[in-house]
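So the structure is just underneath, and the comments pick up after that.
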Amino acid sequence: MAKTPARGAPAAAPQTSINRRSILTGALSLASLPLAFSAPLAAKASSHDAVVARVEAYLNGVKSLSARFLQVDSAGNVVHGQLYMRRPGRLRFEYDAPSPLLLVADGVWLVLHDRELEQITRFPLYETPLGVLVDDPVNLREQVEVVEVEEGLGVLRLKIIDRELPDEGWMGVTFTEPPLLLRQWKIKDAQGGVTALSLTDIRVNQKLDPKLFVLTDPVRPNE
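Under the numbering used here, the first residue of the sequence shown carries the number 2, and numbering increases by one thereafter.
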């Protein structure tokens, strides 16, 4: 997927720790091209429709959300942070110190800010997996293909792909119920890397400061 490096960014970043690189890789996976599944399951549209409609109704009822998050990558590296979401198209992932990373969506762009390097990387929001979750309205049946539904023991899971990019990875979304509540999403990229992000201390439909979703360009702060 096309990405635009920050203006004035250095040609080569200084050497970083393994932990910092793993956090960056995990953050970038959240901003990677969406959702594919190398061997799609046979479609079961008739049995899936009712479940998908229920998930859509829940997501469309969540106008804002804040939560603590736990991000884990394929190597087992763990990082914590704070998530804010406001529909349509606003996101903020504040990674806890010592991570220098901040991920912000302003409704158009998903911007990764490395505050240590003063460098930003931009991704078109609605070309990422996260764009599906913050669209307004959410319409999973039009936006993506639901290839798997699992229900049981108070847990509901969907596995979804981008039908136009069937070899680029997949996204799994997990809810608990009742009541239905978003708990986790997991993204597998085209290289086989998996990043899971789990939510706790979830607060829904509370007023959030609009400034949370504004990121000033660190290179040209007055623009």
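Don't be surprised by glycine CBs; every beta carbon is placed ideally from N, CA and C.
Once DSSP output is grouped into helix, strand and coil, what is the label at arginine 204? Reduced to three states, the DSSP call for arginine 204 is strand.
Valine 105 at chain C interface by Cβ criterion, 8 Å: Looking for chain C here will not work: only one protein chain is present.
What does a CB cutoff of less than 7 Å around valine 1 pick up in its chain, not counting 5 residues either side in sequence? Not covered by the structure: residue 1. The range shown for the chain is 2 to 224.
Would you report the Cα separation of proline 211 and valine 145, rounded to the nearest angstrom? Cα atoms of proline 211 and valine 145: separation of roughly 29 Å, rounded to the nearest angstrom.
Which residue's Cα is closest to the Cα of serine 67: Arg55, Phe214, Tyr85, Asp97? Comparing Cα-Cα distances from serine 67 to each of Arg55, Phe214, Tyr85, Asp97, the minimum goes to Tyr85.
Terminal residues of the beta strand (DSSP E) in which arginine 116 lies: Following the DSSP letters along the chain, one finds arginine 116 in no beta strand (DSSP E), marked with neither H nor E.
So within the region 74-142, which uninterrupted alpha helix (DSSP H) runs reach at least 4 residues, ignoring any that extend past its ends? Qualifying alpha helix (DSSP H) stretches, in chain order: 130-135.
Just the Cα atoms here: how many angstroms apart are glycine 77 and threonine 175? Spanning the two alpha carbons is a distance of roughly 19 Å.
Test item: CB-CB of leucine 252 and valine 133 under 8 Å: It is not possible to answer for residue 252, since the shown part of the chain is limited to 2 through 224.
Sub-8 Å separation of valine 104 and leucine 113 beta-carbons: Looking at the sequence shown, residue 104 is not valine but leucine. Yes.
To which residues of the same chain is valine 195 closer than 6 Å at the C-beta, ignoring the five residues directly before and after it? Take valine 195, set aside five residues on each side of it, and the residues of its chain with a beta-carbon closer than 6 Å to its own are Ser75, Lys189, in chain order.
Local Cβ density within 10 Å of valine 215, reported as buried at 16 or more and exposed below that: Exposed.
Within its chain, find whatever has a CB closer than 6 Å to the CB of valine 63; leave out the 5 residues flanking it on each side and keep chain order. Beyond the five residues adjoining it in sequence on each side, valine 63 comes within less than 6 Å, by CB distance, of Val205 in the same chain, given in chain order.
On the DSSP bridge list, what partners appear for leucine 159? Partner(s): Val150, Val174.
What is the DSSP secondary structure of aspartate 190, counted as helix, strand or coil? Three-state result, aspartate 190: strand.
Alpha carbon of leucine 111 to alpha carbon of aspartate 202, nearest angstrom: A straight-line Cα-Cα distance of about 24 Å links leucine 111 and aspartate 202.
Thinking just about the alpha-carbon of each residue, which of Pro130, Ala58, Glu57, Leu213 is nearest to the one in glycine 170? It is Pro130.
Member of Val79, Pro180, Leu198 whose CA lies at the smallest distance from the CA of tryptophan 186: Of Val79, Pro180, Leu198, the residue nearest in Cα terms is Leu198.
Beta carbon of phenylalanine 70 nearer than 8 Å to that of histidine 81: Yes. Within cutoff.
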